[in-house]
Amino acid sequence: GPIILQTYRAVADYEKNSKTEMSMKVGDVVDVIEKSESGWWFCQQKNKRGWVPAVYLEPTDGPDESEEQEPNYAGELHVVRKGYTAAQEDEITLKEGETIEVIHKLLDGWWVVRKDEITGYYPSMYLQKMGAEN
Amino acid sequence: TIKHPPTEPPPRPPAEARKRPA
Numbered sequence: 002g003p004i005i006l007q008t009y010r011a012v013a014d015y016e017k018n019s020k021t022e023m024s025m026k027v028g029d030v031v032d033v034i035e036k037s038e039s040g041w042w043f044c045q046q047k048n049k050r051g052w053v054p055a056v057y058l059e060p061t062d063g064p065d066e067s068e069e070q071e072p073n074y075a076g077e078l079h080v081v082r083k084g085y086t087a088a089q090e091d092e093i094t095l096k097e098g099e100t101i102e103v104i105h106k107l108l109d110g111w112w113v114v115r116k117d118e119i120t121g122y123y124p125s126m127y128l129q130k131m132g133a134e135n
Numbered sequence: 469t470i471k472h473p474p475t476e477p478p479p480r481p482p483a484e485a486r487k488r489p490a
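Going down the list, the sequences are from chains A and Z.
Note that the numbering used here has the first sequence beginning at 2, numbered continuously upward.
Note that the numbering used here has the second sequence beginning at 469, numbered continuously upward.
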């Protein structure tokens, strides 16, 4: 049968910063082709296609239940593929090769992670599940 | 064709929209 794509609405203007992204105006309706865990979703709108931040999108027909996963306080082991320095106070700074626990995977691509007793947001695209190849 | 996502992390949600588990 036909593939029915989910439609989302832009909640704010978005100006693309790289070639593979797509710009949007608030209120634009886009079809979501692929949702990546990185927080970037591949969308199409009329004759345009590209990646947009999931945080700029909301479902057009109102979510029947939140798409977000529940937190997992036991933590899921991940390895830091790429270091990152916290830019905001609720983020965490980590170095490549460190092992941490992912507590909450969020659609916007910033996951809540724990290292020892410190928790904070970290870009999911810089993390790799323990034991998974790249 | 779906090219690779951007290499930089996406922007953070606005502070008031952030879901932080207790």
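Ideal placement from N, C-alpha and C gives every residue a C-beta, glycine not left out.
Contact residues of the region 107-134 of chain A toward chain Z are L107, D109, G110, W111, V113, P124 and M126 (C-beta to C-beta distance below 7 angstroms). With respect to the C-alpha of Z:P481, the residue from A:W41, A:G98 and A:K36 having the closest C-alpha is A:W41. A straight-line Cα-Cα distance of about 31 angstroms links A:C44 and A:E90. Ranked by how close their Cα comes to the Cα of A:T21, the residues A:T120, A:T100, A:V53 and A:P60 have A:V53 in first place. CA-CA distance, A:E102 to A:Q70, rounds to 16 angstroms. For A:P54, at least one C-beta of chain Z is nearer than 7 angstroms to its own C-beta. For A:T120, the closest alpha carbon among the candidates A:G98, A:G76 and A:G132 is that of A:G76.
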